[in-house]
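*Asks:*
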Amino acid sequence: MDAAQAVHEKFLAALAAGALPRCDESPDPAAAGLPRAEAIDIFLSQLTSRQMDRLSRHLQARGEGYYTIGSSGHEGNAAVAAALRVTDMAFLHYRSNAFQLHRARQLPGGTPTWDMLLSFAASSEDPISGGRHKVIGSKPLAIPPQTSTIASHLPKAVGAAFSIGIARRLGMTGLPLPDDAVVLASFGDASANHSTAQGAFNAAGWAAYQGSPMPLIFLCEDNGIGISTRTPTGWIEAQFRHRAGLHYIQCDGTDLVSAYAGACEAADYSRRYRKPVFLHMATVRLYGHAGSDVQGAYLPKALIEADEARDPLLKGAALMAEQGWMTPAEIADAYDEIGATLARQAEEAIRRPKITTPAGVMASLIPPKRERVRTNTPSAEDRVAMFASDASQMDKPMHMARLLSWALADLMLAYPEIVVAGEDVGPKGGVYNVTAKLHQRFGSARVVNTLLDEQAILGLAIGMAHNGFIPMPEIQFLAYVHNAEDQIRGEAATLSFFSNGQYTNPMVIRIAGLGYQKGFGGHFHNDNSLAVFRDIPGIILAVPSNGRDAVQMLRECVRLAREEQRVVVFVEPIALYMTRDLHEEGDGLWTSIYDAPGEGMPIALGDVGVHGDGTELAIVTYGNGYYLSRQAEKLLAAQGVKARVIDMRWLGPVDGDKLLAAVGEAKRILIVDECRITGSQSEGLMALFAERAPDKKFQRIAADDSFIPLGKAATLTLPSRDSIVAAAKELLAR
């Protein structure tokens, strides 16, 4: 007999024999403010959750169900749903079926069990993911979908909670989260040890310690084990009872009244004081981690039996009987009726349509465009007032960093929902002064100096985007994003996919990066790898090479986020921030006048830049490579070689048609890639030209597969003007 069946039969046997545990240590329902009707509803949600767990395992055994991490033993989270409002956004642990089922009772007219069974069966009619995953989630219930989360959802919960206070300060209304909302993030005790979780706890406490509103409940459902690894007794309490910035509350999730009392206390405290709470809820895991996991392989029988004796349904049934609210026979009848109803629904659910085409799978990778977009055109007087201190410089050619700073200011003036956040972006203006004066102009509610934690920065952005903001987080250096890349890959980029386009987190992530720095170098400030972004479905990767393009591309990135709800990564080449000259000192050819909004040539997603019209050679490149290739092109022209230099600008997705059109009649193609040979853009470009331009000769020059050293050796492994010229001659000789 499997564990699910054993627990099921023990429950029924206890009801039949009236052998239910005593409730001597349980809080009094009246004292806890738990009325009879609410208690019965919570208990019925718990019974339903248990039967759904059993059913999911039966469906998997038949090959009709695909995911069996269940909620048995964690049904106490139904009481948390009872203590919160439907408008309190909930980022949930995967053992939260009971929470969603009970929250659905607060919004009449839904079909929660049917909806969840469609998810179990991976039907394309599943209302949250469209059959792409068995997820807990619901747009009407304010539950963004999570997949197999191991704490990766906690940073965005911090961001969502933080956004409520920011919205209040800015007087913004009509956002998804009411100004008195609380955000919930639930997780297991094992996940609490994850660095992502620790970063989220720290970020929430750090903000609250300084007085920033943070209406957030961290719900730790502590069952004492993570897959097969036990959590040391007392570990969670020892870690969190006295943690700075977090208010600690403890309750017993196996006891319905205790769970309700603890959840109400947490909700009241967080809503009243706008501070984060750590709600430590004791639970029990009854079946093992998932369907294939057999607890007897690593836990002693006595411990398994002791856990089964703590079954929340047994305790809930005892409460019902002792209070005279339901008899054991009535409970058994309700339990059986729920099981029979679910079984009938399941037979219908497994016959509903499935996704059958690649296009169907990918239909929600790209978020839907917004139906209506609020526009705002600042007056000339507003712009004059904002740029007063810069007025004398705005008609002069400037380098990229200064132009980007002005572009950011114009964008923030036009769109009050934009928030810039990152390390040192405030009064300092960033390491390279790109965010200069933004804090002075827009204040600390819109220019947020964060703690030094990239996971927290990106999570802040994702959470704020959930609440209607357009975040522009800054990652100080490209190398720093790698310890937080899952916030982009596993959270931001997957949200539209797993919610069937119902939830989105549009943002523009600004990252200073790439190589060729001379004054402040070494690998951690000269990272020349963009591979981490290239294979994330759905995101946009932009790399400008000069100031004028950077301004227009940044405006397009914001448009893509605001109107098309896209996740955009905007990589700014550090070595070109302050570059003024192209061929010789003082020529000023890499500077430009600032194009105010509405001026200049817009650059749409996929548009490439072309310099020259030569037909002998096309040099395809981006970023620093474009700068160096322009230098090489002049030397080649002096030797009689007519070339054109193509700036890709948009590295993901690559618009192959526009790129091929830009190459035009050129007979040879040289790809210049400042990133490493392995995993670089050049690999994809070689494949593109091989497949779609087989009549042309092409080759590539890329950086060596090496980290970048410090000092004068910093550029030795990278393409240079002279190596580009040499590679071009070699290709032309073929």
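Residue 387 in the UniProt record's numbering is what sits at position 387 of the sequence shown, and the numbering runs on without skipping anything. Glycine is no exception: its CB is placed at the ideal position from the N, C-alpha and C atoms. All values derive from a computational prediction rather than experimental measurement.
Please state if the CB of H466 and the CB of residue 741 are separated by a distance shorter than 8 Å.
*Replies:* Given a span of 1 to 734 for the chain in the structure shown, any question on residue 741 remains unanswerable.
*Asks:* I need the DSSP call for Q440, collapsed to helix, strand or coil.
*Replies:* For the purposes of this step, residue 440 is identified with residue 440 of the sequence shown, where counting begins at 1. Q440 falls in the helix class under three-state DSSP.
*Asks:* In terms of residue numbering, what span does the beta strand (DSSP E) encompassing G652 cover?
*Replies:* Start at 1 with the first residue of the sequence shown, and residue 652 comes out as number 652. Start and end: 650-652.
*Asks:* Tell me which residue opens and which closes the beta strand (DSSP E) that D673 is part of.
*Replies:* Residue mapping note: residue 673 aligns to position 673 of the sequence shown, counting from 1. Run containing D673: 668-676, per the beta strand (DSSP E) assignment.
*Asks:* With the cut-off set at 8 Å, would you say Q552 and P602 are in Cβ contact?
*Replies:* As a position in the sequence shown, residue 552 is number 552, starting the count at 1. As a position in the sequence shown, residue 602 is number 602, starting the count at 1. Yes, the Cβ-Cβ distance between Q552 and P602 is below 8 Å.
*Asks:* For the segment 534-547 against the segment 334-354, do three or more pairs of beta-carbon atoms, one drawn from each stretch, fall closer than 8 Å, so that the two count as touching?
*Replies:* Result no; under three Cβ-Cβ pairs closer than 8 Å.
*Asks:* What residue range is occupied by the uninterrupted beta strand (DSSP E) comprising T621?
*Replies:* As a first step, residue 621 is located in the sequence shown; it is residue number 621 there, counting from the start. T621 -> beta strand (DSSP E) spans 617-621.
*Asks:* Could you pull out every unbroken beta strand (DSSP E) segment of at least 3 residues lying fully inside the segment 107-139, listed in chain order?
*Replies:* The segment 107-139 contains these whole beta strand (DSSP E) runs: 136-138.
*Asks:* Return the Cβ separation of D647 and G609 in integer angstroms, given the expectation that the two are a contact with Cβ distance under 8 Å.
*Replies:* To locate residue 647, count along the sequence shown from 1; it is residue 647. To locate residue 609, count along the sequence shown from 1; it is residue 609. Indeed they touch by this definition, with Cβ atoms about 4 Å apart.
*Asks:* Identify whether N449 lies in helix, strand or coil by the three-state DSSP scheme.
*Replies:* Within the sequence shown, residue 449 is the residue found at index 449, counting from 1. In the structure shown, N449 sits in a strand (DSSP, three-state: E or B).
*Asks:* When you compare each of P140, L141, D115 to G130 by their alpha carbons, which one comes out closest?
*Replies:* Taking the sequence shown and counting its residues from 1, the one referred to as residue 130 is at position 130. G130 has its Cα closest to that of D115, out of P140, L141, D115.
*Asks:* Would you kindly check if the distance between the Cβ of D179 and the Cβ of I166 is under 8 Å?
*Replies:* Residue mapping note: residue 166 aligns to position 166 of the sequence shown, counting from 1. Residue mapping note: residue 179 aligns to position 179 of the sequence shown, counting from 1. Not a contact, by the Cβ cut-off of 8 Å.
*Asks:* Counting Cβ pairs, one atom from each stretch, are 3 or more of them under 8 Å apart for the segment 198-213 and the segment 486-500?
*Replies:* Verdict: no, contact absent.
*Asks:* Would you call K134 buried or exposed, if buried means 16 or more other Cβ atoms sit within 10 Å of its Cβ?
*Replies:* Indexing the sequence shown from 1 puts residue 134 at position 134. It is buried - the Cβ of K134 has at least 16 other Cβ atoms within 10 Å.
*Asks:* Which one of F218, S592, L256, M472 has the shortest CA to CA distance from A30?
*Replies:* Here residue 30 is taken as the residue at index 30 of the sequence shown, counted from 1. Looking at the Cα atoms, L256 is the closest of the given residues.
*Asks:* From G664 to L589, what distance separates their C-alpha atoms?
*Replies:* For the purposes of this step, residue 664 is taken as the residue at position 664 of the sequence shown. For the purposes of this step, residue 589 is taken as the residue at position 589 of the sequence shown. When rounded, the distance between both Cα atoms is 26 Å.
*Asks:* Is K437 buried or exposed, if buried means 16 or more other CB atoms sit within 10 Å of its CB?
*Replies:* Within the sequence shown, residue 437 is the residue found at index 437, counting from 1. With 16 or more Cβ atoms within 10 Å of its Cβ, K437 is classed as buried.
*Asks:* Should the segment 65-73 be called in touch with the segment 278-288, which here means at least 3 C-beta pairs below 8 Å?
*Replies:* Touching, yes, given that three or more Cβ pairs across the two stretches are closer than 8 Å.
*Asks:* In or out: P471 buried (at least 16 other Cβ within 10 Å) or exposed?
*Replies:* Locating residue 471 in the sequence shown gives position 471, counting from the first residue. P471 should be labelled buried.
*Asks:* Are the CB atoms of S682 and D673 within a distance shorter than 8 Å?
*Replies:* Stepping through the sequence shown from its first residue, residue 673 is reached at position 673. Stepping through the sequence shown from its first residue, residue 682 is reached at position 682. The answer is yes: Cβ separation under 8 Å.
*Asks:* Tell me K354's beta-bridge partners as DSSP assigns them.
*Replies:* As a first step, residue 354 is located in the sequence shown; it is residue number 354 there, counting from the start. S123, per the DSSP bridge assignment.
*Asks:* Alpha carbons only, please: which of V645, N505, A160 is nearest the one belonging to V182?
*Replies:* As a working mapping, residue 182 is identified with position 182 in the sequence shown. Cα-wise, what sits closest to V182 is A160.
*Asks:* With a floor of 4 residues, list each alpha helix (DSSP H) that falls wholly inside the segment 328-392, ordered by position along the chain.
*Replies:* Listed in chain order, they are 328-349, 358-362, 380-386.
*Asks:* Ignore the nearest five residues each way along the sequence and tell me which others in E564's own chain have a CB closer than 6 Å to its CB.
*Replies:* Your numbering for residue 564 matches position 564 in the sequence shown. Answer for E564: K369, listed in chain order.
*Asks:* If you draw a straight line from the alpha carbon of E305 to that of A19, how long is it in whole angstroms?
*Replies:* Residue 305 sits at position 305 when you count from the first residue of the sequence shown. Residue 19 sits at position 19 when you count from the first residue of the sequence shown. Taking the straight line joining both Cα atoms gives about 16 Å.
*Asks:* If we ignore side chains and look at the alpha-carbon of each, how far apart do M400 and I475 end up?
*Replies:* Against the sequence shown, residue 400 aligns to sequence position 400. Against the sequence shown, residue 475 aligns to sequence position 475. Each residue's Cα considered, the two are about 18 Å apart.
*Asks:* Roughly how many angstroms separate the alpha carbons of R169 and A83, rounded to a whole number?
*Replies:* Sequence index remark: in the sequence shown, residue 169 carries index 169 (1-based). Sequence index remark: in the sequence shown, residue 83 carries index 83 (1-based). Roughly 27 Å separates the two Cα atoms.
*Asks:* May I ask you to report which of helix, strand or coil DSSP gives S186?
*Replies:* Here the question's residue 186 lines up with position 186 in the sequence shown. Residue state, collapsed to three classes: strand.
*Asks:* Which partner residues does G422 have in the DSSP bridge list?
*Replies:* Sequence index remark: in the sequence shown, residue 422 carries index 422 (1-based). G422 is bridged to N449, E474.
*Asks:* Terminal residues of the continuous beta strand (DSSP E) containing Q146?
*Replies:* As a first step, residue 146 is located in the sequence shown; it is residue number 146 there, counting from the start. Taken as a continuous stretch (DSSP letters only), the beta strand (DSSP E) holding Q146 covers 143-146.
*Asks:* Can you grab the Cα-Cα spacing for the pair R548 / F707, in whole Å?
*Replies:* Residue mapping note: residue 548 aligns to position 548 of the sequence shown, counting from 1. Residue mapping note: residue 707 aligns to position 707 of the sequence shown, counting from 1. Computed Cα separation, rounded: 30 Å.
*Asks:* Could you check the C-alpha separation between E64 and A531 for me, to the nearest Å?
*Replies:* In the sequence shown, the residue the question calls residue 64 occupies position 64. In the sequence shown, the residue the question calls residue 531 occupies position 531. Cα to Cα, the separation comes out at about 37 Å.
*Asks:* If you count every other CB in all the chains shown that lies within 10 Å of the CB of D53, and 16 or more means buried, which is it?
*Replies:* In the sequence shown, the residue the question calls residue 53 occupies position 53. Buried is the call here.
*Asks:* Evaluate the contact criterion for the segment 447-457 versus the segment 142-151: three or more CB pairs, one atom per stretch, below 8 Å.
*Replies:* Result no; under three Cβ-Cβ pairs closer than 8 Å.
*Asks:* Spell out a yes or no on whether the segment 242-261 and the segment 100-117 are touching, meaning 3 or more CB-CB pairs, one atom from each, closer than 8 Å.
*Replies:* No: the two stretches stay apart, fewer than three of their Cβ pairs being nearer than 8 Å.
*Asks:* Could you give the DSSP three-state label for S71: helix, strand or coil?
*Replies:* Along the sequence shown, read from residue 1 onward, the residue named residue 71 stands at position 71. DSSP places S71 in coil when its eight states are reduced to three.
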